[in-house]
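J.: Have a look at the structure that comes next, please.
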Amino acid sequence: MPRPITATIHTAAMAQNLALARAQAPGTRSWAVIKADAYGHSIQAAFQGFSDADGLALIEIENAVRLREMGWTKPILLLEGCYDALDWRVAAEHRLSCVVHCEEQLAILEVTALPRKVDVYLKFNSGMNRLGFRLERLRDWAARALGNASIGEVVLMTHFARADEPNGYVEQLRRFNEAADGVPLARSVVNSAACFDFEKSNGTMGSAGHWIRPGIMLYGATPFTHAGKGAASLKLNAAMTLSTEIIGVQSLAAGDAVGYGATYIASKAEQIAIIACGYADGYPRHAPTGTPILVGGVRAPLVGRVSMDKITVDITQVPMARVGTRVELWGQQLAVDEVANHVGTIGYELLTAVAPRVPRRIV
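Going from the sequence shown to the working numbering is simple: count from 1 and add 553.
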């Protein structure tokens with residue numbers, strides 16, 4: 554019998570979240586961002602849950618090829634583009650669109666014979682200072698791409714550094730729009746957070762022909778860091794439920810300690826459940842005492858250190874709990890963002906950290 558821990562992936566929730574993103578940005582086309590194995594949810598689940606997307610966007614070329622082999626016929630975008638000439642040939646063969654963010658990438662393409670044209674997304678640095686051409690030469694780079702016989706459609710794109718903050722993207726959007734003014738090419742700037750402020754983030758661009766790139770919202774977690782914009786208030790549905798079972802129970806007296814380092818000491822008689830999940834499964838080792846867990850649908854606090862394969866939970870106030878009782882670590886009843894807040898991280902990290910040894914059950 555396998556360990557009881559499972560990540561249940563709800564494809565209906567994924568589809569609902571995608572529909573919400575599209576409704577927030579009428580008149581646009583949608584890239585469903587599925588990098589990092591669909592934020593930990595699996596490429597197979599993304600194939601099913603995002604079947605209504607206009608395209609799928611990811612980093613790994615091998616997963617792009619896999620999607621083609623699975624039968625995905627709509628566009629696929631490589632968000633970091635190609636790293637060498639072989640990648641460009643694979644991209645052309647499998648009809649992959651590619652981000653181009655630097656002259657070196659463009660130069661490789663210019664000297665590589667391809668079996669067919671590739672569509673290119675020219676990425677511009679509007680202020681994040683990670684990847685992207687300088688905005689001052691946007692027209693030059695666009696002209697160079699349009700003059701390349703190996704390139705089909707050209708789209709202009711940028712990426713917001715602070716879209717999760719109130720008006721955090723405004724200055725970047727202004728710079729991008731100013732540089733691209735009058736350039737008759739489609740654009741892609743809107744991420745998950747900007748989807749919820751689409752009327753403003755769309756700026757003066759209009760909506761026809763442009764692509765949005767929702768990511769974390771598709772999986773039911775909030776893209777925002779400030780209060781008042783949790784997943785529930787945004788009407789997002791959790792796409793992953795990480796669940797397991799109680800595999801042991803210990804009765805503690807006042808003064809007894811729990812776990813490595815004896816960091817938790819019982820102040821009274823307590824019942825402690827041992828849960829089949831640890832940091833080797835992707836649960837954060839630095840989760841503090843008090844992090845919420847659902848035991849049989851009842852909230853209970855994590856106590857002591859997270860170990861490799863197990864965590865310990867105070868079930869004193871959950872008298873019906875026993876070996877075999879189901880436990881939700883996060884999911885449709887306990888938001889991943891709430892757990893992340895207790896841990897001092899973000900939902901993105903928790904979802905993408907779920908280990909390969911945890912089975913994904915796609916429903």
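In this text, a Cβ means the ideal position worked out from N, Cα and C, and glycines have one as well.
Assign Q725 to one of two classes, buried (16 or more other C-beta atoms within 10 Å of its C-beta) or exposed (fewer than that).
T.: buried
J.: May I ask you to report which of helix, strand or coil DSSP gives S500?
T.: Nothing about residue 500 can be reported from this structure: the residues present for the chain run from 554 to 916 only.
J.: Who are Y817's beta bridge partners in DSSP?
T.: V811
J.: From I704 to A698, what distance separates their C-alpha atoms?
T.: 7 Å
J.: On the premise that Y772 lies in contact with H895, defined as a C-beta separation below 8 Å, what is that separation, rounded to the nearest angstrom?
T.: Actually they are not in contact, since the Cβ atoms of H895 and Y772 sit about 19 Å apart, beyond 8 Å.
J.: Answer with buried or exposed for K676, where buried requires no fewer than 16 other C-beta atoms within 10 angstroms of its C-beta.
T.: Answer is buried; the Cβ neighbour count reaches 16.
J.: Counting only the same chain and skipping the five closest in sequence on each side, list residues whose C-beta sits under 6 Å from that of E633.
T.: I612
J.: Quick one: any contact between the region 559-577 and the region 907-915, if contact means 3 or more CB pairs under 8 Å?
T.: yes
J.: Classify Y674 as helix, strand or coil using the three-state DSSP reduction.
T.: strand
J.: Drop a sphere of 10 angstroms on the beta-carbon of Y722, count the other beta-carbons inside from all chains shown, and report buried for 16 or more, exposed for fewer.
T.: buried
J.: P837 to L667, Cα distance in whole Å?
T.: The straight-line gap from Cα to Cα measures roughly 45 Å.
J.: Might you give, ordered along the chain, the residues of its own chain that have their beta carbon closer than 7 Å to the beta carbon of C748, omitting 5 neighbours on each side?
T.: A574, Q577, A578, I765, P767, M770
J.: Where L903 and V880 are concerned, what is the direct C-alpha to C-alpha distance, given to the nearest angstrom?
T.: 17 Å
J.: Do the region 884-895 and the region 837-846 touch if we need at least three Cβ pairs shorter than 8 Å?
T.: yes
J.: Counting along the chain, where does the alpha helix (DSSP H) carrying G602 start and finish?
T.: 596-602
J.: Using alpha carbons as the reference points, say which of A696, T778, R669, R642 lies closest to I661.
T.: R642
J.: Grouping DSSP H, G and I as helix and E and B as strand, with all else coil, what is D862?
T.: The answer is coil: DSSP assigns D862 none of H, G, I, E or B.
J.: I want to see whether chain C comes within less than 8 Å of A874, judged by CB atoms only; does it?
T.: Here there is only one protein chain, and chain C is not present.
J.: For a test of the three-state rule: what should DSSP assign to R852, helix, strand or coil?
T.: Under the three-state reduction of DSSP, R852 is assigned to strand.
J.: Suppose the cutoff is 7 Å on Cβ atoms and the five residues either side in sequence are ignored; what does the same chain contact list for V970 look like?
T.: The requested residue 970 is not part of the displayed model; the chain covers only 554 to 916.
J.: By alpha-carbon positions, which one of V811, K863, I825, S745 ends up nearest to V797?
T.: First, the residue type needs correcting, since residue 797 is Thr and not Val in the sequence shown. Of the listed residues, the one whose Cα sits closest to T797 is K863.
J.: From R621 to V586, what distance separates their C-alpha atoms?
T.: 16 Å
J.: Hey, V856 and V866 are a contact pair by Cβ (cut 8 Å); roughly how many whole angstroms apart?
T.: Distance from V856 to V866 at the Cβ level is roughly 7 Å; contact confirmed, criterion being Cβ atoms closer than 8 Å.
J.: Pull up the CB-CB distance for V652 and L631, whole angstroms please, since I reckon it's below 8 Å.
T.: The Cβ separation is near 6 Å, so the contact holds.
J.: Helix, strand or coil: how does DSSP classify D564 here?
T.: Checking the sequence, you will find Thr at residue 564 rather than Asp. T564 falls in the helix class under three-state DSSP.
J.: Nearest to L691 by CA position, among W584, S745, N730, E706, is which residue?
T.: N730
J.: Measure how close the beta-carbons of A784 and T778 come, nearest whole angstrom, since I'm counting them as under 8 Å.
T.: About 13 Å separates the CB atoms of A784 and T778; that is not less than 8 Å, and the two are not in contact.
J.: DSSP three-state call for S745: helix, strand or coil?
T.: helix
J.: Can you tell me which of A874, T905, C830 puts its alpha carbon nearest to the alpha carbon of P555?
T.: C830
J.: With distance defined between alpha-carbon atoms, name the residue in A733, L795, L684 nearest to L882.
T.: L795
J.: When the Cα of V664 is compared with those of N701, Q886, R727, N682, which residue comes out closest?
T.: N701
J.: In this structure, how does DSSP classify E615 when only helix, strand and coil are distinguished?
T.: Of the three classes helix, strand and coil, the one that applies to E615 here is helix, per DSSP.
J.: Return the CA-CA distance between N790 and A732, expressed in angstroms with no decimal places.
T.: Near 37 Å, if we compare the C-alpha coordinates of A732 and N790.
J.: List the DSSP bridge partners of F713.
T.: Bridge partners of F713: none, in fact.
J.: By Cβ distance below 8 Å, which residues in the same chain neighbour G608 in space, the five residues on each side in sequence not counted?
T.: R582, S583, W584, A585, K627, P628, I629, L630, S650, W764
J.: Give every residue of the same chain whose Cβ lies closer than 6 Å to the Cβ of M710, excluding the five residues on either side of it in the sequence, and list them in chain order.
T.: If we look at M710 and ignore the five residues flanking it on each side, its Cβ neighbours are Y674, K676, S741.
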